[in-house]
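One structure below.
The following block contains the structure:
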């Protein structure tokens with residue numbers, strides 16, 4: 300679905316405000332809420348001081364929120380060539396759509412395109428939530444469960460314990476040294 304978990308939105312925005320990145324890559328933009336959040340809370344709702352690039356595999360999700368991005372690439376992220384480095388990369392409600400080996404390769408790729416000191420935020424359900432293709436989008440299938448143990452070298456920001464709404468999300472942060 301083009302909608303991610305609302306449970307991690309405040310934590311993600313908080314990390315981005317602290318980092319104050321100049322270049323952000325948002326993988327799996329779906330509805331585009333993080334583009335809007337960056338424009339609201341990093342750019343103070345005015346202007347475009349932050350360059351935001353988004354990747355979305357399914358063109359059917361395009362909507363007015365995509366206008367918050369400076370560039371949107373509609374393709375499978377594993378096929379995209381990235382020609383620059385980023386201060387922050389968002390991989391939110393995405394990695395569970397990959398098998399473990401392909402997901403590990405995706406993490407390696409994302410780490411390789413970070414500036415030194417850059418951050419990679421990965422959010423994923425902490426429990427397996429079966430999901431098949433949605434809206435005719437095969438990329439929506441849930442293929443794997445990721446746990447804290449899968450994120451060696453990452454800081455655990457949310458450990459998957461149920462929050463006050465019952466959401467069980469894992470949120471991790473890798474900082475490139």
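Residue numbers (the numbering used here): 300 to 476.
The beta carbon of each residue, even a glycine, is placed where N, CA and C say it ideally should be.
Beta-carbon spacing of residue 352, residue 338 below 8 Å = no
task = Spatial neighbours of residue 393 within its chain, please: CB distance less than 6 Å, with the 5 preceding and 5 following residues excluded, ordered by chain position.
result = 326 and 327
message = Rounded to whole angstroms, what is the Cα-Cα separation between residue 417 and residue 400?
response = 24 Å
ask   = Is it buried or exposed for residue 427, if we count other Cβ within 10 angstroms and need 16 for buried?
value = exposed
ask   = Is it buried or exposed for residue 332, if we count other Cβ within 10 angstroms and need 16 for buried?
value = buried
ask   = Can the beta-carbon of residue 389 be found less than 8 Å from the beta-carbon of residue 413?
value = no
message = Rounded to whole angstroms, what is the Cα-Cα separation between residue 405 and residue 464?
response = 30 Å
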